[in-house]
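Numbering (this note's numbering), first residue to last: 55 to 268.
Worksheet for the structure shown next.
Okay, here's the thing in structure tokens:
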């Protein structure tokens, strides 16, 4: 099994069916549980599948110094992604001015994608500094996403998964930056947060075709 033709892949290629228990709608009042099937990992990349029932959400998070290929195998999903807005002279992300004496890491980001996708569709690619490095997935129907991350997350090497809260542009200010009023919807402030407690991701055994190392 290999991923050279990822654009043509479907759930059948990885041993999934939409009628599996992973994809059933959750009980009313409960947050949908997301299932993750780990396929393969080495020092250079990791491969896995996220299985989401209707209304399942993978919150806004980043991929530091990583390139990610995401392939929607079936279903409909809304994807919203951001890239950092950087200072033109220093190349560093723009930080918000402190508000009412508060401090914290709040940075300006520009929307890269804010759309619904329905399989079959092309593989999306995000890069360390472009392509929507911070993204959020919301399942409109039951769906599955194949993710290839290179290199994989690794806390000791500084590749920690960080989650974010979104705030409207008007909430904070930053010196020497002027954004036209009609562009406000294309920007937001992202503030680091702890992993959301209401998000549950459980592991499940991958039962599809095996990876053969050469």
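Yeah, the Cβ is synthetic: ideal placement off N, Cα and C, and Gly gets one too.
Pick from the options that is closest to residue i, judged by C-alpha positions
i	options	result
residue 109	62, 103, 196, 173	196
residue 214	248, 222, 252	248
residue 180	125, 220, 172, 219	125
residue 205	221, 120, 220, 171	120
residue 100	201, 241, 260	201
residue 167	69, 118, 131, 60	131
residue 103	267, 183, 64, 78	64
residue 59	116, 74, 123, 71	123
residue 192	149, 74, 165, 135	135
residue 207	116, 76, 78, 242	116
residue 165	71, 133, 149	133
residue 77	221, 263, 141, 198	198
residue 272	170, 139, 210	It is not possible to answer for residue 272, since the shown part of the chain is limited to 55 through 268.
residue 129	141, 210, 74, 174	174
residue 150	242, 111, 210	242
residue 170	209, 210, 194	194
Exposed unless 16 or more other CB atoms sit within 10 angstroms - verdict on residue i
i	result
residue 190	buried
residue 160	buried
residue 176	exposed
residue 62	exposed
residue 137	buried
residue 96	exposed
residue 259	exposed
residue 246	exposed
residue 187	buried
residue 212	exposed
residue 183	exposed
Per DSSP, cross-strand counterpart(s) of residue i
i	result
residue 247	217
residue 136	165, 188
residue 179	123
residue 199	104, 126
residue 208	213
residue 92	102
residue 131	171, 193
residue 115	189, 217
residue 148	Answer is none; residue 148 lacks a bridge partner.
residue 79	DSSP, once it has assigned bridges, lists no residue as partnering residue 79.
residue 242	163
Limits of the unbroken beta strand (DSSP E) element including residue i
i	result
residue 66	It is not in any beta strand (DSSP E) - residue 66 carries neither H nor E in the DSSP assignment.
residue 102	100-106
residue 255	255-258
residue 174	Counting along the chain, residue 174 falls outside any beta strand (DSSP E), and DSSP gives it neither H nor E.
Sequence-distant residues of its chain with Cβ nearer than 7 Å to residue i (five each side left out)
i	result
residue 80	86, 87, 107
residue 113	190, 217, 250, 253
residue 98	204, 205
residue 261	69
6 Å Cβ shell around residue i - same chain, five flanking residues per side excluded
i	result
residue 67	none
residue 219	245, 247
Contact with chain B by residue i, beta-carbon distance below 9 Å
i	result
residue 168	Protein chain content of the structure displayed is limited to a single chain, and chain B is not contained in it.
Own chain residues within Cβ distance below 8 Å of residue i, not counting five before or after
i	result
residue 256	87, 88, 89, 90
residue 72	65, 128, 129, 196
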